[in-house]
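In what follows, a single structure is set out as structure tokens and then discussed.
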Amino acid sequence: MSLFDQARNAAEDYAKNNPDQVNEAIQRVGEEVDQRTGGRFTDQIDQAEQAVAQQMGAEQADQPAAQDQPAQQDQTEGDQQA
Numbered sequence: 001m002s003l004f005d006q007a008r009n010a011a012e013d014y015a016k017n018n019p020d021q022v023n024e025a026i027q028r029v030g031e032e033v034d035q036r037t038g039g040r041f042t043d044q045i046d047q048a049e050q051a052v053a054q055q056m057g058a059e060q061a062d063q064p065a066a067q068d069q070p071a072q073q074d075q076t077e078g079d080q081q082a
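If you read the sequence shown in full-length UniProt numbering, its first letter stands for residue 1, the second for the next number, and so on.
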């Protein structure tokens, strides 16, 4: 087993055993990147956060994409009623 494989396995084990800390770290990094890019890539950063959380075996408690969906449905319903 290579050093990279050992590091990856250790990171995966840590993520499975400490999901809250991993989620917090993922969100901190995402917020920092979003701030440094001036909010120009917010959607892409949110997608990357979710992908990293899934890859690490942790699930994010705060998923912006899921929060955006009800607002879109409300707009669609309003368009249908008009």
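Where a beta carbon is used, it is the ideal one built from N, C-alpha and C, also for glycine.
All values reported here derive from a predicted model rather than from experimental measurement.
Which runs of the alpha helix (DSSP H), 4 residues or longer, sit entirely within the UniProt region "Disordered" (1-22)? Correct list: 3-17.
Spatial distance of Q47 from Q6 (CA atoms): Translated into positions along the sequence shown, residue 47 becomes position 47. Translated into positions along the sequence shown, residue 6 becomes position 6. Roughly 27 Å separates the two Cα atoms.
For a test of the three-state rule: what should DSSP assign to R36, helix, strand or coil? Along the sequence shown, one-based indexing puts residue 36 at 36. In this structure, R36 counts as helix in the three-state DSSP scheme.
Using the Cα positions of G39 and R8, report the straight-line distance between them to the nearest angstrom. In the sequence shown, residue 39 corresponds to position 39, counting from 1. In the sequence shown, residue 8 corresponds to position 8, counting from 1. In a straight line, the C-alpha of G39 is about 30 Å away from that of R8.
For my contact list, M56 and A11 are in at a C-beta cut-off of 8 Å; report their separation, rounded to the angstrom. Counted from its first residue, the sequence shown places residue 56 at position 56. Counted from its first residue, the sequence shown places residue 11 at position 11. With a Cβ gap of about 7 Å, M56 and A11 count as contacting.
Nearest-angstrom Cα separation, counted from F4 out to R28: Locating residue 28 in the sequence shown gives position 28, counting from the first residue. Locating residue 4 in the sequence shown gives position 4, counting from the first residue. Cα to Cα, R28 sits roughly 25 Å from F4.
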